[in-house]
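Everything on this sheet refers to the single structure shown next.
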Amino acid sequence: MRRFFYDPGVQEIEEEILITGPEAHHIRNVLRMQVGHHAELFDGNGAVVSAEITRISAKEVVFQVLSRQDASNAGVPLTLAQAVLKGKKMDLLVQKATELGVHTFVPVLTRYCEKSSRAGQQLERWQRIMLEACKQCRRPIPMQICAPLALHELPLPEEGHRIMPWENEAGTPFSALDLGNGQPVLVLIGPEGGFHPAEVGYAEEVGFSTVSLGPRILRAETAALAAVVLAQQGVGNLSLLS
Ligand code: SAH
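Note that this note's numbering has the sequence shown beginning at 8, numbered continuously upward.
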């Protein structure tokens with residue numbers, strides 16, 4: 008079944024959902040869907056609508072609602088704060104983090120990270136990649152992606168686990184953490200060049216625990232995905248069914 012996102016405020020009138028713009032173009036001209044075809048529509052807040060195409064015009068595709076379901080945002084929220092990486096690596100990470108159920112993705116600017124002059128465009132691009140990944144992996148509630156912010160601006164919720172995988176940590180492996188108390192998790196991963204010692208100092212000061220992901224130095228994107236899997240497993244998010 009094909010899946011599409013729509014904006015409920017603008018595009019939903021009684022039991023009809025109007026899809027316009029690039030998504031309508033995709034349905035009509037790329038997928039060549041026809042009146043009578045069915046699809047699943049996501050409103051981005053957890054509503055999943057089963058619907059049938061009733062009209063197709065040059066500007067819009069109209070769906071008739073057949074049934075509705077509400078997907079709840081189950082599980083413990085995991086935030087991945089990732090120092091901005093070069094080019095395609097960030098794209099890959101956004102896609103994989105979406106698939107692995109990361110709740111919020113925060114691009115972080117650190118001393119050694121990639122500095123882009125096109126932050127606004129990047130954000131839009133990550134948003135598109137994330138929505139495509141949601142459709143592919145059947146994730147009804149999109150991952151929140153924040154605008155890039157400096158490390159010291161990273162919001163630190165009062166409750167929850169703050170974890171910083173660090174290649175120089177010799178004491179605590181990630182797997183030794185007990186994340187099973189239902190509290191949210193924030194994981195902070197450095198850029199290709201790693202964290203500056205002052206950044207490690209700052210993170211420890213504000214309550215991050217440094218942990219090891221093993222004896223090898225991983226590429227940042229490998230470290231991020233390994234940490235996400237371990238955190239999701241630790242809080243029980245990978246044991247939720249459907
Ligand atoms: N500065 C390092 C590499 C940084 S790796 C160097 O060039 O030698 C990029 C990021 O991945 C790090 O900031 C850290 O968050 C994470 N990372 C990589 N390997 C890790 C490991 N073995 N344990 C924990 N974190 C690791």
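Built from N, CA and C at the ideal position, the CB exists for glycine as well.
Item	Value
Using 10 angstroms around the beta-carbon of residue 210, count the other beta-carbons present and answer buried if the total reaches 16, otherwise exposed.	buried
As an exercise, report each continuous beta strand (DSSP E) stretch of at least 3 residues that is fully enclosed by the region 83 to 123, in chain order.	85 to 90 and 111 to 116
Between the region 42 to 53 and the region 95 to 112, do three or more beta carbon pairs fall short of 8 Å?	no
How many angstroms separate the CA atom of residue 221 from the CA atom of residue 140?	29 Å
What does the Cβ neighbour count give for residue 226, buried or exposed, with the cut at 16 atoms within 10 Å?	exposed
Is residue 8 near residue 46, with beta carbons less than 8 Å apart?	yes
Between the Cα of residue 163 and those of 214, 199 and 64, spot the shortest distance and give me the residue it belongs to.	214
Can you tell me where the beta strand (DSSP E) holding residue 32 begins and where it ends?	Note, residue 32: premise wrong, no beta strand (DSSP E); alpha helix (DSSP H) at 28 to 32.
Just the C-alpha distance for residue 166 and residue 191, rounded to the nearest angstrom, thanks.	7 Å
In the DSSP assignment, the alpha helix (DSSP H) including residue 18 goes from what residue to what residue?	15 to 18
Round the Cβ separation of residue 110 and residue 85 to the nearest angstrom and send it over; I've been treating them as touching at under 8 Å.	5 Å
Apart from the five residues on each side of it in sequence, which residues of its chain come closer than 6 Å, Cβ to Cβ, to residue 148?	53 and 80
Put residue 239 into one of helix, strand or coil per three-state DSSP.	helix
Tell me whether residue 204 sits in a helix, a strand or coil according to DSSP, three-state version.	helix
Hey, residue 237 and residue 181: beta-carbon distance below 8 Å or not?	yes
Between the alpha carbons of residue 233 and residue 30, how many angstroms are there, rounded?	33 Å
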